[in-house]
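Data block below; observations after.
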């Protein structure tokens with residue numbers, strides 16, 4: 079039987095040096111399948127590849143990326159720092175780069191203008207859509223944030239846990255340890271496929287001596303509740319602007335928790351503002367840019383909060399101001415006054431078309447004025463008696479004549 083001796087650290091270092099002298103082993107070699115800490119002598123990058131890959135010829139990923147960008151026959155060019163900043167602003171206007179861009183796989187330091195969080199990430203990951211991890215963690219629904227903030231206001235922030243994973247080993251949206259209560263608000267459209275998971279959470283909470291209250295909004299009225307107790311359902315979207323329902327919900331939750339605390343309308347409004355800030359996924363400046371691209375003739379006057387909280391805007395063409403739903407604006411809805419005018423212009427008849435129609439439906443009248451629209455008056459002459467008046471154009475299309483025409487025309491026929 080032949081015994082194969084394990085490779086020593088010095089032997090491994092010698093082999094790597096013979097294959098790639100630009101790689102320095104700064105960690106300790108254990109075995110081929112284990113990772114070992116190394117450093118590139120050219121660029122200074124430190125990483126931990128599997129030991130066997132270095133023996134197979136693997137080199138510095140940083141240097142390889144740069145080399146590959148420079149030698150890809152012009153299919154793409156090596157992205158510089160300014161190129162990266164332009165792409166970053168387009169993907170995430172709320173994120174700024176604090177470090178120098180090297181390549182897509184070398185970490186860069188970022189800062190979130192929304193929450194101030196700083197973190198390090200690979201550029202390609204951020205450009206592909208991964209944003210601020212802090213905002214991703216706290217960017218929950220308005221409903222959840224509002225309920226949590228109400229409890230924080232009544233009991234203190236230290237008394238309310240958010241997104242807790244320690245109690246049952248599964249994430250719970252809101253936990254109030256002093257009351258042995260957990261609350262899980264959510265949209266039924268998203269939760270209807272995970273009712274079994276929600277049921278497991280309730281059982282685990284029960285085992286811990288906690289009461290789990292489940293809340294579903296946008297719940298169909300013709301569907302039975304998934305749980306017989308501690309389950310609130312609402313057919314409306316509790317994230318929308320009319321929040322009288324969510325005020326009553328908070329009051330009921332306080333009653334269940336035996337919390338004697340009431341909020342004034344001003345208190346609720348202040349809590350709403352904070353809840354919107356914590357739940358919104360888009361910055362005001364981002365919304366303004368999107369509106370400008372879709373509606374270059376609409377100016378945003380109000381402060382963007384979320385897609386369903388109405389915001390004051392103005393039409394630069396006609397000067398009309400109104401409180402619009404942001405989601406509707408982003409879907410293409412524009413100024414309703416200009417829209418009505420445009421629709422009217424598209425359907426308005428020409429002078430000749432109107433005269434031809436009148437000749438068919440009301441041959442005893444003559445149009446002597448200018449047609450400006452079916453709801454506007456127009457100068458008209460009766461061919462029978464010569465009477466001139468200004469009726470609404472639409473009435474002529476219904477066959478109407480001037481006041482007293484039947485009597486006048488009857489007398490004329492009698493005399494004739």
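Residue numbers (our numbering): 79 to 494. Virtual Cβ for every residue (Gly too), placed ideally from N, Cα, C. Note that the coordinates shown come from a computational prediction; the quantities given were computed from them, not determined experimentally.
Check	Outcome
Can you name, in chain order, every residue of its own chain whose Cβ lies under 8 Å from the Cβ of residue 127, other than the five neighbours on each side?	113, 114, 116, 136
Just mark residue 331 as buried or exposed, buried being the case when its beta carbon has 16 or more other beta carbons within 10 Å.	buried
Between residue 210 and the rest of its own chain, which residues show a CB-CB distance below 6 Å, the 5 nearest in sequence each way excluded?	190, 195
Return the chain-ordered ranges of every beta strand (DSSP E) run that is complete within the stretch 96 to 124 and spans a minimum of 3 residues.	101 to 103, 116 to 118
Confirm, please, whether the CB-CB distance from residue 454 to residue 477 is below 8 Å.	no
Select from 468, 197, 373 the residue whose C-alpha is nearest the C-alpha of residue 176.	197
Exposed or buried, residue 414, counting other C-beta atoms within 10 Å across all chains shown (16 or more means buried)?	exposed
Of the residues 327, 166, 233, 93, which one's Cα is nearest the Cα of residue 203?	166
Please report the distance separating the alpha-carbon of residue 382 from that of residue 354.	10 Å
From residue 335 to residue 106, what distance separates their C-alpha atoms?	57 Å
Is the stretch 365 to 372 touching the stretch 342 to 354, taking contact as three or more C-beta pairs under 8 Å?	no
Suppose the cutoff is 8 Å on Cβ atoms and the five residues either side in sequence are ignored; what does the same chain contact list for residue 323 look like?	312, 314, 316
Only counting the same chain, and skipping five residues up and downstream in sequence, which positions put a Cβ closer than 7 Å to that of residue 178?	159
Measure how close the beta-carbons of residue 443 and residue 433 come, nearest whole angstrom, since I'm counting them as under 8 Å.	Wrong, their Cβ atoms sit about 10 Å apart, outside the cutoff.
By how many angstroms is the C-alpha of residue 393 removed from the C-alpha of residue 489?	56 Å
If you draw a straight line from the C-alpha of residue 232 to the C-alpha of residue 339, how long is it?	6 Å
Sort 87, 300, 169 by Cα distance to residue 130 and report the nearest one.	87
Could you check which residue in 464, 254, 85, 475 has the C-alpha nearest to that of residue 133?	85
Taking 7 Å as the cut-off, does the CB of residue 474 come closer than this to any heavy atom belonging to the ligand MG?	No copy of the ligand MG occurs in the structure displayed, which carries no ligand at all.
To the nearest angstrom, how far is it from the Cα of residue 102 to the Cα of residue 221?	54 Å
According to DSSP, what are the bridge partners of residue 262?	292
Please report how far the alpha carbon of residue 474 lies from the alpha carbon of residue 297, in whole angstroms.	52 Å
What does a CB cutoff of less than 6 Å around residue 110 pick up in its chain, not counting 5 residues either side in sequence?	129, 130
Tell me whether residue 432 sits in a helix, a strand or coil according to DSSP, three-state version.	helix
Below 8 Å on the Cβ atoms is my contact criterion, and I expect residue 458 with residue 469 to pass it. Report the Cβ-Cβ distance as a whole number of Å.	6 Å
Where residue 249 and residue 242 are concerned, what is the direct C-alpha to C-alpha distance, given to the nearest angstrom?	5 Å
Compare the Cα-Cα distances from residue 208 to each of 171, 228, 181 and report the closest residue.	171
Could you tell me which uninterrupted beta strand (DSSP E) segments, each at least 3 residues in length, are contained entirely in the stretch 411 to 493, listed from first to last along the chain?	443 to 445, 458 to 460
Who are the Cβ neighbours of residue 260 in its own chain at under 6 Å, not counting the five residues just before and after it?	250, 253, 283, 288, 290
Mark residue 302 as exposed unless 16 or more other C-beta atoms lie within 10 angstroms of its C-beta, in which case mark it buried.	exposed
Could you round the C-beta distance between residue 185 and residue 199 to whole angstroms and report it? I think they count as a contact, below 8 Å.	6 Å
So, are the CB atoms of residue 357 and residue 240 less than 8 Å apart?	no
Residue 174 bridges to which residues according to DSSP?	189
Residues bridged to residue 198 by DSSP?	187
Rounding to the nearest angstrom, what Cα-Cα distance links residue 216 and residue 99 in this structure?	Confidence is the limiting factor: at residue 216 the pLDDT is only 47, short of 50, which leaves the residue's position unreliable, though a coordinate-based value still follows. Approximately 47 Å between the Cα atoms of the pair.
Does DSSP put residue 399 in a helix, a strand or coil?	strand
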